[in-house]
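Under this note's numbering, the residues of the sequence shown are numbered 223 to 292, in order.
All C-beta atoms, glycine included, are put in the ideal place defined by N, C-alpha and C.
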Amino acid sequence: KKDDDDLTPKEKGNYSLEEIKNNWIAANSNNQCFFISAKRKQNIEDLRERLYEYVKKVHVTRFPYNDFLY
């Protein structure tokens with residue numbers, strides 16, 4: 223993160239994670255997006271749940287008569 227009294231222009235490495243999230247989400251508001259950290263193992267469960275729900279929705283539209291066994 224860049225110090226408050228630092229007058230150098232903002233560069234790629236100077237943005238905080240919150241600023242990156244806000245910029246990315248604002249630019250891609252039509253899409254569902256979220257951030258994960260594989261290194262810190264943050265939001266991995268959220269990724270699994272969202273991915274499962276998305277795949278389930280696609281599966282139901284393609285194979286409407288297939289009963290789920292899980």
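Beta-carbon spacing of N245, F257 below 8 Å: The residue given as residue 245 occupies position 23 in the sequence shown. The residue given as residue 257 occupies position 35 in the sequence shown. Not closer than 8 Å, so no.
For H281 and Y274, the rounded distance between their alpha carbons: For the purposes of this step, residue 274 is taken as residue 52 along the sequence shown, with counting starting at 1. For the purposes of this step, residue 281 is taken as residue 59 along the sequence shown, with counting starting at 1. Looking at the two C-alpha atoms, the distance is approximately 10 Å.
Strictly by DSSP, which residues pair up with Q264? Taking the first residue of the sequence shown as position 1, residue 264 is located at position 42. Per DSSP, S259.
In three-state DSSP terms, what is N253? Position 31 of the sequence shown, counting from 1, holds the residue named residue 253. In the structure shown, N253 sits in coil (DSSP, three-state: anything other than H, G, I, E or B).
Under 8 Å Cβ to Cβ from I247, same chain only, skipping five residues before and after it: list those, please. Taking the first residue of the sequence shown as 1, we reach residue 247 at position 25. A distance below 8 Å between beta-carbons, with the five flanking residues on each side excluded, links I247 to the following residues of its chain, in chain order: C255.
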